[in-house]
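Inspection log for the structure reproduced underneath, given as structure tokens.
Numbering (the UniProt record's numbering), first residue to last: 1 to 224.
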């Protein structure tokens, strides 16, 4: 069922990522990590649906999405960058993607971190963050989505890999791509759940390395 919902608030999260807060329909429910199809309620765009993950929690009064804007793609996400408070989005019902299956290691590439936001917010709210770890790959430091919030929730278990610039010297920034050696240096137990989400080349590479290192493929969860 499609719901046409007004945008209540838009905030800049990074230089090219925005947070959209929408009205929430009565009775609308979802689980942390779930996504939905979203379209812009404007002529020419209503049939252009794209999957986005909820970053709010089910008990929150509003719906929230964190969306990366690609101004040079001349497509839907470029249009998201032009939206204003009072515009509307068409939101379908929730469907399952990544679901939390216990304490483990989360590996995200860029905007692929979005399914993990609600999962970590939910665990934090329940006091159940435990020893979960997030390894987050970005091109530059300014690309890191919700850096301060992840630092607050995870502390030293929030690890950033920066690929396209020299790290600033902060111990959180590790220079280079996530490869097999990097994973070996950061993870001491490959017999635990692994959650992987990012662009397809990132997913395929990381899944391959994890399997080579002895991770059980059944423990690998990624967003298709």
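Heads up, the beta-carbon is just placed ideally off N, CA and C, and yes, glycines get one too.
Does the separation of the CB atoms of residue 57 and residue 24 fall below 9 Å?
-> no
Where residue 201 falls, given that 16 or more other Cβ within 10 Å makes a residue buried | exposed
Return the Cβ separation of residue 66 and residue 114 in integer angstroms, given the expectation that the two are a contact with Cβ distance under 8 Å.
-> 5 Å
Residue closest to residue 213, alpha-carbon to alpha-carbon, out of 123, 135 and 194 = 194
Return the CA-CA distance between residue 187 and residue 44, expressed in angstroms with no decimal places.
-> 47 Å
Simplified DSSP assignment, three categories, for residue 15 | coil
Residue 103 and residue 130 closer than 9 Å at C-beta | yes
Simplified DSSP state of residue 224, which is helix, strand or coil | Confidence in residue 224 is poor, its pLDDT being 47 and thus under 50, which makes the residue's placement unreliable; the coordinate value appears in the next sentence. Looking at residue 224 - three-state DSSP - the assignment turns out to be coil, as it is neither helix nor strand.
Given residue 207 as reference, the closest of 176, 143 and 109 once Cα atoms are compared | 109
Option nearest residue 46 by Cα separation, candidates 190, 87 and 209 = 87
Spatial neighbours of residue 29 within its chain, please: CB distance less than 6 Å, with the 5 preceding and 5 following residues excluded, ordered by chain position.
-> 58
Tell me, which residues are paired with residue 35 by DSSP?
-> 53 and 95
Taking just the CA atoms, how far does residue 179 sit from residue 224?
-> Any answer about residue 224 is weak, because its pLDDT of 47 lies below 50 and its placement is not dependable; what the coordinates show is given next. Near 21 Å, if we compare the C-alpha coordinates of residue 179 and residue 224.
State yes or no: is the C-beta of residue 27 within less than 9 Å of the C-beta of residue 119?
-> no
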